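Novice:
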Amino acid sequence: MGELVVEKIENGTVIDHIPAGMGMKVLSILGVGEGSKIALLMNVPSKSHGKKDILKFSDKQLTEREVNKIALVASSATLNIIKSGNVVEKRNVRVPNELLGVAKCPNPRCITNSPERMETKFRSDGAKFRCSYCEMLFEAKELGV
Amino acid sequence: MLHGKDLVSIRDLEKGDIELILRRAAEMDKALGTGKPIEILKRKIVATLFFEPSTRTKMSFQTAAKRVGAQIINLTSVESSSLKKGETLADTLRMVDGYSDLIVIRHAAEGAARYAAEICQRPVVNAGDGGNQHPTQTLLDLYTITKMKGKLEGLSVYLVGDLKYARTMRSLLYGLAMFGADVTLVAPEGLEMNPGVIKEAKERFGAKVREHSAMELGGADVAYVCRIQKERFADPYEAEKVQKTFRITMDALRGVKDDLAILHPLPKIDEMDPEIDKTKYARYFEQARLGVPVRMAILAEIMGA
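Top line first, the protein sequences correspond to chains Z and X.
This note's numbering numbers the first residue of the first sequence as 2 and each following residue consecutively.
This note's numbering numbers the first residue of the second sequence as 69 and each following residue consecutively.
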């Protein structure tokens, strides 16, 4: 099978090493918007992961909140920041100790799921996350983003 | 130690904080017995915001506030407030924050008290937030057990009933674990305690926690019973079914320790044979009375009196 060829971007962000099949989810987190050209490559061969997805955005820098959301659904992803055709920064995404306004609490009885206009807040507690309001513990994958 | 602080969750308290409240509660209890006025919070205003029904917690908070000389402003229900007109909880809280020196809140949403504490400048006391926390009930329970049994460490305490939805049970397990009691959890199938809560009690305090589903109270020093939380069931019929099959009968009391104390946060519905009220084991009305000195102690400590 021949290789897919996607043009290089001059400025923007490439999100590499997304677990295969999660590219659509990452795209839904970031949204299509209007300004960027976007390429989503799925099931691309990967030496380390077997298969992976890749997302390319021209003219887009991710916010910290967006990066945190991606870390929750694709913890193996790497970010490549492209400026003038060169990779100027490369880093792994990392789930922070505190998630502010990033994820939805899965507990339907939590105040954050009421009509109050408020941000969710989770703190890492061992390998899990505890909602700062209802105090319930959740796996990262359970948190709605 | 607690001056000016919020009391939202038992998880926020150190052992020393709890010991302080228990000591102060004992002083209040004694002072109440003398009949002399204890007006240490004169000119203070306590707001009691109960967005969910309550009898004991609300009345004992209000009694406690009056016993220490404070005045009360009151929100009796959502129906009688501007929340009915669509005002947000946040706006209601900001307003009450400007009127009072301390805010007591009960709300159906889990985390509502934490949210209130973030919004308000004045200290906030959680009087129950959905199925989450009810820290003042736990303090009252710990005080009651200490008063009746003289200690907490090494006591065999059975928590019996709806351990999934009853907020009192989660908080109490945490408190008992902190003080080294041996806890046995007895719950009907499907209403067991959240495993995460048990794990935390074991890991954080090295607590001894056993679980079983049979109604057997033979080894208990204290049996703490709670009702099936029907209002938190999606299907009321399911709740009825569980309630009918999971009951403490007079038979269940055969072979129990002579000095067994049965406690209950009340209200009790069908989970116990009413005949149990007449036995020496029934100590729950005494427990309810102790809510007053414990809440007096909490108000006094938080308001620095």
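Quick reminder that beta carbons are idealized off the backbone N, C-alpha and C, glycines included.
These numbers come from a predicted model, not from an experiment.
Tell me the DSSP secondary structure of I89/X in three-state form.
Specialist: Residue state, collapsed to three classes: helix.
Novice: Taking contact to mean 3 or more Cβ pairs, one atom from each stretch, closer than 8 Å, check whether the segment 98 to 106 of chain Z and the segment 95 to 104 of chain X are in contact.
Specialist: At 8 Å Cβ cutoff, the stretches do not touch.
Novice: To the nearest angstrom, how far is it from the Cα of V146/Z to the Cα of I71/Z?
Specialist: Rounded to whole angstroms, V146/Z to I71/Z spans 9 Å at the Cα level.
Novice: If you draw a straight line from the C-alpha of I330/X to the C-alpha of Q201/X, how long is it?
Specialist: Cα-Cα distance, rounded: 22 Å.
Novice: State buried or exposed for R278/X, treating a residue as buried only when at least 16 other CB atoms are found within 10 Å of its CB.
Specialist: Under this definition R278/X is an exposed residue.
Novice: Comparing C-alpha positions only, which one of K73/X, E95/X and K110/X sits nearest to D85/X?
Specialist: Here the closest residue by C-alpha is K73/X.
Novice: Is M340/X helix, strand or coil by DSSP?
Specialist: DSSP places M340/X in strand when its eight states are reduced to three.
Novice: Could you check which residue in Q355/X, H332/X, K217/X and R322/X has the C-alpha nearest to that of D289/X?
Specialist: Measuring from the Cα of D289/X, the nearest candidate turns out to be K217/X.
Novice: Find out if the Cβ-Cβ distance for the pair P191/X, L207/X is shorter than 7 Å.
Specialist: Taking 7 Å as the Cβ cut-off, P191/X and L207/X do not qualify as a contacting pair.
Novice: Assuming D159/X is part of the alpha helix (DSSP H), what are its boundary residues?
Specialist: From DSSP, the alpha helix (DSSP H) with D159/X extends over L157 to Y167.
Novice: Just the chain X side, please: which residues come within less than 7 Å of S115/Z by C-beta, in chain order?
Specialist: Correct list: A177.
Novice: Within 10 angstroms of the Cβ of Y226/X, are there 16 or more other Cβ atoms? Answer buried if so, exposed if not.
Specialist: It counts as buried.
Novice: With 9 Å as the limit, tell me which residues of the segment 98 to 114 of chain Z have their beta carbon closer than that to any beta carbon of chain X; keep them in chain order.
Specialist: The segment 98 to 114 of chain Z vs chain X, Cβ under 9 Å: C106, N108, R110, C111, I112, T113 and N114.
Novice: Could you tell me which chain Z residues have their CB closer than 7 Å to the CB of S77/X, listed as they occur along the chain?
Specialist: Those are E136, listed as they occur along chain Z.
Novice: For the segment 79 to 95 of chain Z against the segment 11 to 18 of chain Z, are there 3 or more C-beta pairs whose distance is under 8 Å?
Specialist: Counting Cβ pairs under 8 Å, three or more are found: they touch.
Novice: Hey, V362/X and A93/X are a contact pair by Cβ (cut 8 Å); roughly how many whole angstroms apart?
Specialist: That belief holds up - the Cβ atoms of V362/X and A93/X are roughly 4 Å apart, short of 8 Å.
Novice: Is G198/X close to chain Z, meaning its C-beta is less than 7 Å from at least one C-beta of that chain?
Specialist: Answer yes: the Cβ-Cβ gap between G198/X and chain Z drops below 7 Å somewhere.
Novice: Count the other C-beta atoms from every protein chain shown that fall within 10 angstroms of the C-beta of N98/Z, then say buried if there are 16 or more, exposed otherwise.
Specialist: Exposed.
Novice: Which bits of chain X does S125/Z rub up against, with CB to CB less than 9 Å?
Specialist: Neighbours of S125/Z on chain X: none; closest Cβ ~14 Å, over 9 Å.
Novice: Given that L117/X touches chain Z, what residues does it touch there, using C-beta distances under 7 Å?
Specialist: Residues of chain Z passing the Cβ test: none, with the nearest at roughly 14 Å.
Novice: For E95/X, does the three-state DSSP call read helix, strand or coil?
Specialist: Looking at E95/X - three-state DSSP - the assignment turns out to be helix.
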